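Residue numbers (the UniProt record's numbering): 1 to 67.
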């Protein structure tokens, strides 16, 4: 089942952890899917920021080498 055109994904998580995760998310007023999406978005944003920072460092070093 998809929501708003977003494809579904399959993950492997043991039943006990999945059930407890559902309770945790319910207690926080969210769903497992929303929590997983937010986690993935945060991780990707941090990774992209680090990639951009690393690219800026490499460009700066390259410009210093050409001086």
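Here a beta-carbon is modelled for each residue, glycine too, at the ideal position from N, C-alpha and C.
Fair warning: this is a prediction, and the values are worked out from it, not measured in the lab.
For residue 6, the three-state secondary structure derived from DSSP is strand.
Cβ contact annotation for residue 32 (same chain, cutoff 7 Å, sequence separation greater than five): 21, 22 and 25, in chain order. Comparing alpha carbon positions, the residue from 28, 50, 36 and 46 closest to residue 8 is 36.
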